[in-house]
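> Going down the list, the sequences are from chains A and B.
All residue numbers for the first sequence refer to our numbering, where the first residue is 3 and numbers rise by one.
All residue numbers for the second sequence refer to our numbering, where the first residue is 274 and numbers rise by one.
Quick one: the structure is below, questions incoming.
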Amino acid sequence: MESPEVLRAFLLWLGEDEGSGARKYEEIRRKLVLLFRYRGCYIPEELADETIDRTARAVMKPDFHYQGDQVLYFRGVARNVFLEWVRRERRLPTDPISQSNAEIAVLASNPEPDLRKDCLEHCLNALPAAKKTLVIRYYRSEKREKIDGRQVLAEELGIGVNALRIQVFRIRNALRQCVANCETRGEILCIDET
Amino acid sequence: MKLEAKYYVSTKHDHSEGELIAPLDNAHRRFLLGIANEDEQQLVEEAILTGQFDSSVLDTAEDELIDDYLLGNLSQVEKRGFEEQFLITEQRQQRLRFASELIRYSNRVPPENNSVNRKASLAGISVIYTWKRVAIISSAASVLLTALVGSELIKFRHQTEVVQEMQRGDQLPGIEVQYTTRTVSPQVFRVPVQARFARIDLKLSQPLAGTYREVLLSASGRRLWSQEFPSEVLSPADRSTMVVPASILGPGTYHLRLEGDFTGGQFEELADSVFLVVRE
């Protein structure tokens, strides 16, 4: 934000007073970050801040008039910011990475497949046996057969397919964190997916 | 020029919630794939900004898309969107690799093993659900204690193999890193391709801190391994030994950072040594 005065005026535009404006500011920023993240942007915080700064600058102009939901105004600005970012990204040169740097990049972002496999096995073994079986049965079998298999699994458990999916995704999230921790730190921590 | 004329402003925000949610079912998937049309984009963006969609909804949708891609359940258009747009972020690529490994692992487990225990296991799931409710109500503290003990046991089991390798340390490929603040030319650490573990010795003749920590970092600064040790272990050999899985040492440059705890709780960086790993 350009100055404390601009920030103050912007907060008063957002809320009834500075306090409620600040809370709204944080809420909108958090949602903008989500919006950019789910659009596939890898610098969502930067674009969220740019959206807010532009909106604040616009609000400060003497001829600014906007009647309506502020969220929708932010959406319009966010859309422009995103499209500009996409255009900038397309213009960026894609220099070839030198061989040694490429190896380092691959190592840093993609640990050895054997390590990942070992970590996954360790983490699955850290789950209660019943949950491990649930995950394995959910993901076993081929292609479209899986859908029928999941229906059967849900019926055996006496729950709906949707509830089954949510349950499995929770376990899977915890497993993913466990595997990431194992790959980077070599530790298997207790898995609690709740 | 009036500013509001510059921006695309929605006219659909006064729809009832029921009207909005129904088309969102598919719109959010198409949005994530980058193939949503103008109306669908508007619906999803407004749902995110008004809080109808939180991160849990969209994270679940992302996991579903990854599953559908791996299982061949996406249409051609969706598949193209997945590969060209969805996979643009490193985080999503990691999630794809994880899901792919999970599916591969699940298909490697013999079905017989599963079916033998199926009834018992599924009964176990119900027991766990019931147990969880009771545990939460009756004793959160005991659950925490159990988790902590379990965590330590699992860590202990996992590291037993490393300890065993440490006992055979002299037979492992190793490198000795000196305590210096500047590395003039990086040492070369030759690690045989078939090696499962590698040894990194840190030479430090004058212990000053109470506790030290060695941190192995990739060239990009990613933490790969760390080990704490009290200064007492330095005598009489004046060195600390760290054994790491060779699988984390691909060819490339690495940093070994030495940190010391002088105050009892806060580690400070003391030195950073660089070495080059060659797999042969």
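Here a beta-carbon is modelled for each residue, glycine too, at the ideal position from N, C-alpha and C.
Predicted model only: the values in this text are computed from it and were never measured.
(1) Give me the chain A residues within the contact set of B/Asn380, using Cβ-Cβ distance strictly less than 7 Å, ordered along the chain.
(2) Judging by CA-CA distance, which residue of B/Glu449, B/Phe462, B/Phe470 is the nearest neighbour of B/Pro524?
(3) Please identify, using Cβ separations under 8 Å, the residues of the stretch 74-91 of chain A that lie next to chain B, in order along the chain.
(4) Which word fits B/Pro383, buried or exposed, when buried means at least 16 other C-beta atoms lie within 10 angstroms of its C-beta?
(5) What residues are listed by DSSP as bridge partners for B/Lys476?
(6) Pick helix, strand or coil for B/Asp327, following the three-state DSSP scheme.
(7) Leaving aside the five residues before and after B/Leu306 along the sequence, list all residues of the same chain whose C-beta is less than 8 Å from its C-beta, in chain order.
(8) Using beta-carbon positions only, say whether B/Leu375 and A/Leu122 come within less than 8 Å of one another.
(9) Using CA atoms only, rank isn't needed, just tell me which of A/Val8, A/Arg32, A/Tyr40 is closest to A/Val73.
(10) Go through the stretch 150-189 of chain A residue by residue and report every complete run of the alpha helix (DSSP H) that reaches 4 residues or more, in order.
(11) With respect to the beta strand (DSSP E) encompassing B/Val466, which residues constitute its N-terminal and C-terminal limits?
(12) Might you give, ordered along the chain, the residues of its own chain that have their beta carbon closer than 8 Å to the beta carbon of B/Ala492, omitting 5 neighbours on each side?
(13) In the DSSP output, which residue or residues are listed as bridge partners for B/Pro503?
(14) With a cut-off of 8 Å, does the C-beta of B/Glu501 fall near any C-beta of chain A?
(15) How is B/His528 classed by DSSP in three states: helix, strand or coil?
(16) Compile a chain-ordered list of the residues in the stretch 42-57 of chain A whose CB is closer than 7 Å to at least one CB of chain B.
(17) Measuring only the C-alpha atoms, how far is A/Phe84 from A/Val154?
(18) Just verifying my parser: in three-state terms, what is the DSSP assignment at B/Gly494?
(19) Tell me the rounded alpha-carbon separation between A/Asn175 and A/Tyr68.
So, to answer that:
(1) Arg142
(2) B/Phe462
(3) Leu74, Tyr75, Phe76, Arg77, Gly78, Val79, Ala80, Arg81, Asn82
(4) exposed
(5) B/Gln451, B/Arg512
(6) coil
(7) Leu338, Glu351, Gly354, Phe355, Gln358, Phe359
(8) yes
(9) A/Arg32
(10) 163-187
(11) Note, B/Val466: premise wrong, no beta strand (DSSP E); not H, not E.
(12) Gly525, Thr526, Tyr527, His528
(13) B/Thr484
(14) no
(15) strand
(16) Gly42, Tyr44
(17) 44 Å
(18) coil
(19) 42 Å
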